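In my numbering, the protein residues as written are 61 to 553.
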């Protein structure tokens with residue numbers, strides 16, 4: 061089953077509206093219905109009105125329904141709008157432990173027995189073995205216990221009935237439903253618990269440029285630029301064993317990381333409330349402070365410090381821990397925002413100044429999200445994170461070879477397809493000591509008198525690498541990255 065993915069679903073349970081099929085819908089529909097038959101054992105789901113995308117979604121739900129039991133929807137027990145000794149129970153679709161899918165009819169006025177004059181009790185609402193919403197009175201006692209759900213029954217709620225109670229309110233009702241995870245339920249729960257991360261590579265899991273950087277001011281982990289300038293760059297940043305960003309060898313001016321968010325997203329955040337969060341652990345800190353900062357710039361895909369607005373959280377020595385601790389900053393961004401830049405680290409001009417040079421700071425699980433609550437960090441799949449990073453930076457590895465696509469008298473062009481469209485026309489960055497050779501396929505020999513490569517043509521789908529040699533005379537050639545790599549850099553600087 062060959063498919064080409066557009067926006068890759070974040071899990072197998074996601075809606076597949078963004079999946080693009082490379083062949084006709086009907087052909088794929090039949091194949092996916094066969095998959096359902098093989099895995100779930102149900103009849104083919106292929107129908108004249110059902111597309112392949114619908115087939116996949118139904119397959120996902122059937123796979124979920126094939127294991128476990130519980131409430132699929134409904135079965136909610138609530139008090140009356142004017143509380144009395146009855147409760148309302150909504151219709152309930154549920155799956156039994158035997159695998160049967162059933163529906164119980166709603167009951168708008170389920171009677172609760174009169175309260176005991178002396179002691180409280182606990183009653184239950186359940187669906188009986190015949191699929192009828194039912195009520196079972198407990199035994200009043202100083203310390204009442206929950207009655208046992210009758211055999212074949214399905215528990216929905218407990219009702220705490222106080223001594224001499226004359227009505228049941230929602231505060232007396234405890235929801236006891238076992239929820240069967242469905243696609244809709246799972247998506248709803250995830251959306252409540254974890255907002256989308258507006259940053260790329262927040263873990264960080266992608267390190268295309270390497271994992272150790274000393275006394276250089278540059279991009280390190282993908283999308284994270286290391287600022288470490290004093291009279292010259294000074295500071296160390298490495299990938300630690302837990303994949304965190306580890307900063308050491310602090311200078312006396314500034315050592316921090318930042319991610320420049322593109323204007324096409326920054327403008328959408330203008331005037332909005334956002335929260336920046338990160339997990340940070342610190343060892344050996346004896347002076348200064350750290351910070352979380354949101355720098356709002358009016359520059360287009362750039363930091364324009366003129367008129368820039370900053371919101372910051374100062375992290376003092378009393379706030380830190382040698383174990384990871386989550387720090388959060390919430391701010392309402394200016395309406396003039398163009399480019400937003402989250403920054404984390406230490407600077408002489410912020411808070412209590414620079415930390416000591418031998419301080420060690422680890423940073424991970426960095427997240428920017430809408431709203432005022434820092435929801436849990438949910439890492440993306442590595443492949444998804446890498447694809448997002450490749451919009452800004454891609455590496456053509458050692459050993460890669462490309463056939464010629466155009467032969468000029470003094471040059472040869474080689475077409476390089478791109479797996480991800482770059483943000484802008486890239487800069488070609490050969491690694492140190494890189495060597496690129498031209499194979500004359502007619503003579504089966506290498507011609508090392510060519511210079512380059514340079515980029516002659518760029519499209520969203522690929523680019524032409526040009527190797528140059530006056531009057532080369534070659535009619536059939538291959539480009540070979542024999543030593544080192546060639547990076548395509550489209551980052552924001």
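Using N, Cα and C, we set each Cβ at its ideal position, and we do this for glycine too.
Only a predicted model underlies this, so the values are computations on that prediction, with no experimental measurement involved.
Residue i, DSSP secondary structure in three states
i: residue 581; result: Residue coverage of the chain in this structure runs from 61 to 553, which leaves residue 581 outside it and unanswerable.
i: residue 527; result: strand
i: residue 427; result: strand
i: residue 328; result: helix
i: residue 507; result: strand
i: residue 209; result: coil
i: residue 231; result: helix
i: residue 142; result: coil
i: residue 538; result: strand
i: residue 335; result: strand
i: residue 323; result: helix
i: residue 414; result: coil
i: residue 283; result: coil
i: residue 293; result: strand
i: residue 394; result: coil
i: residue 269; result: coil
i: residue 99; result: Model confidence at residue 99 stands at a pLDDT of 40, short of 50, so the residue's coordinates are unreliable and nothing is read from them.
i: residue 461; result: strand
Distance CB(residue i)-CB(residue j) smaller than 9 Å
i: residue 279; j: residue 506; result: no
i: residue 350; j: residue 411; result: yes
i: residue 422; j: residue 260; result: no
i: residue 392; j: residue 326; result: no
i: residue 343; j: residue 291; result: no
i: residue 547; j: residue 479; result: no
i: residue 501; j: residue 538; result: yes
i: residue 434; j: residue 335; result: yes
i: residue 458; j: residue 522; result: no
i: residue 320; j: residue 363; result: yes
i: residue 437; j: residue 337; result: yes
i: residue 191; j: residue 155; result: no
i: residue 152; j: residue 193; result: yes
C-alpha gap between residue i and residue j, whole angstroms
i: residue 171; j: residue 202; result: 23 Å
i: residue 345; j: residue 216; result: 54 Å
i: residue 512; j: residue 352; result: 43 Å
i: residue 331; j: residue 431; result: 12 Å
i: residue 552; j: residue 317; result: 14 Å
i: residue 396; j: residue 486; result: 29 Å
i: residue 534; j: residue 510; result: 11 Å
i: residue 176; j: residue 221; result: 8 Å
i: residue 465; j: residue 472; result: 8 Å
i: residue 272; j: residue 445; result: 20 Å
i: residue 137; j: residue 168; result: 10 Å
i: residue 196; j: residue 159; result: 25 Å
i: residue 276; j: residue 129; result: 57 Å
i: residue 390; j: residue 365; result: 21 Å
i: residue 372; j: residue 417; result: 22 Å
i: residue 420; j: residue 285; result: 18 Å
i: residue 525; j: residue 455; result: 14 Å
i: residue 281; j: residue 299; result: 8 Å
i: residue 541; j: residue 498; result: 9 Å
i: residue 461; j: residue 312; result: 46 Å
i: residue 447; j: residue 211; result: 53 Å
i: residue 178; j: residue 198; result: 14 Å
i: residue 150; j: residue 144; result: 17 Å
Nearest neighbour of residue i, chosen from the options [CA to CA]
i: residue 369; options: 403, 206, 439, 290; result: 403
i: residue 255; options: 158, 523, 439, 457; result: 439
i: residue 208; options: 282, 186, 232; result: 186
i: residue 238; options: 133, 188, 265; result: 133
i: residue 266; options: 328, 449, 429, 184; result: 449
i: residue 183; options: 233, 532, 284, 268; result: 233
i: residue 315; options: 289, 274, 324; result: 289
i: residue 257; options: 367, 357, 428, 520; result: 428
beta-carbon residue i near the ligand GDP non-hydrogen atom, thresh 8 Å
i: residue 285; result: Here there are no bound small molecules, and the ligand GDP is not part of this structure.
First through last residue of the alpha helix (DSSP H) which encompasses residue i
i: residue 446; result: 442-449
First through last residue of the beta strand (DSSP E) which encompasses residue i
i: residue 376; result: Run containing residue 376: none; DSSP gives neither H nor E here.
i: residue 273; result: 272-274
i: residue 171; result: 167-171
i: residue 226; result: Looking at the DSSP string, residue 226 is not in any beta strand (DSSP E), and its letter there is neither H nor E.
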